[in-house]
Amino acid sequence: MTESNTASLNEMETFHQDLSMLCHRLGEVVPGRVMAPSMRFEKVNDTDSFLRFSEQYIRYVLSPIELPAIVAASEFASRNALHELYLLDKQLGSEPHIKMFEKASLTLGRNQLRKLRGMRDVRLLSRYRSSVLEGNAHGWHMLVYGIVLHLFSIPIRQGLAKYQTQVLLGFAQSACQSLQWSQSEWSKVECVIQKMPLPSLESLSPRSQPESPQLTIV
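The working numbering applies: residue 3 is where the sequence shown begins, and numbers increase by one.
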């Protein structure tokens, strides 16, 4: 393995660790909270309700919002499509489903952009980072992650699978700590999360996104 590849893997591992820690903190407030006027997540009080919450999160946030944003950002980076990246950055800013995550998402995204500041020769990354620092773009962590997948030549499906797993494990770690799960309970949840299927890439296109649910989940 070359020094460059090793550095790339280290950057991705750091990102995944930060992502897991982010979701650990979010896990203290997300389950049971209103994410949009028509949607409420499962109240988590044991392993079974946590797994139902995970399925809901995949259905209403990961699949329709986060994963497609990652795919789009990676594709924009491959084409150096900065204008389209700006438009998606702005669109996410008006997405009510992720409003609760805004502060944490922007903190993570901007931290990662700072860590990548040495890659000044990558035009799209450099200009996007400058726009974020100047307050002209948000710097969502999903978009930064998508750009990084392209820059480090990581297969998109592999990157999405790792992202989904880290997000759900981060929430699980928070639930495990607050509910004091036993080792067997944690192992059960971890095993199920590791086996949760990733949505097909075709289903992650904007045209195939499900509408926000009209019934409240309680």
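Don't be surprised by glycine CBs; every beta carbon is placed ideally from N, CA and C.
Predicted, not measured: the structure shown is a model, and the values here were computed from it.
Measure the C-alpha to C-alpha separation of Phe-55 and Met-121 and round it to an integer number of angstroms.
38 Å
Let me know the secondary structure DSSP gives Gln-168 once reduced to three states.
helix
When you compare only the Cα positions, how much space is there between Leu-108 and Gly-95?
11 Å
Run the CB neighbour count on Gly-111, radius 10 Å, all protein chains shown included, and call it buried at 16 or more, exposed below.
buried
Output the distance between the C-alpha atoms of Leu-1 and Gln-182, rounded to the nearest integer angstrom.
Beyond the ends of the chain as shown, which are 3 and 220, falls residue 1; an answer cannot be given.
Does DSSP classify Asp-48 as helix, strand or coil?
coil
My parser needs the beta strand (DSSP E) runs of 3 or more residues fully inside the segment 65-116; what are they?
none
Close Cβ partners of Leu-206 (< 6 Å) along its chain, the five nearest in sequence each way excluded:
Leu-69, Pro-70, Val-73, listed in sequence order.
Find the nearest neighbour of His-99 within the set Lys-117, Arg-61, Arg-116, Leu-126, judged by alpha-carbon distance.
Arg-61
DSSP on Gly-148, reduced to helix/strand/coil?
Note: Gly-148 maps to helix in three-state DSSP.
State yes or no: is the C-beta of Gly-137 within less than 8 Å of the C-beta of Ala-79?
The criterion of a C-beta distance shorter than 8 Å is not satisfied by Gly-137 and Ala-79.
Nearest to His-152 by alpha carbon, out of Arg-129, Val-124, Ser-133, Val-134?
Looking from the CA of His-152, the closest CA among Arg-129, Val-124, Ser-133, Val-134 belongs to Val-124.
Given Arg-131, which residues of its chain have a CB within under 6 Å of its CB, disregarding the five upstream and five downstream residues?
Leu-115
Straight-line CA distance for Asn-113 to Gly-141?
Approximately 9 Å between the Cα atoms of the pair.
When the Cα of Phe-103 is compared with those of Ser-202, Leu-84, Tyr-59, Arg-129, which residue comes out closest?
Tyr-59
N-terminal and C-terminal residue of the alpha helix (DSSP H) that Gln-185 is part of:
In the DSSP assignment, Gln-185 falls within the unbroken alpha helix (DSSP H) covering 185-197.
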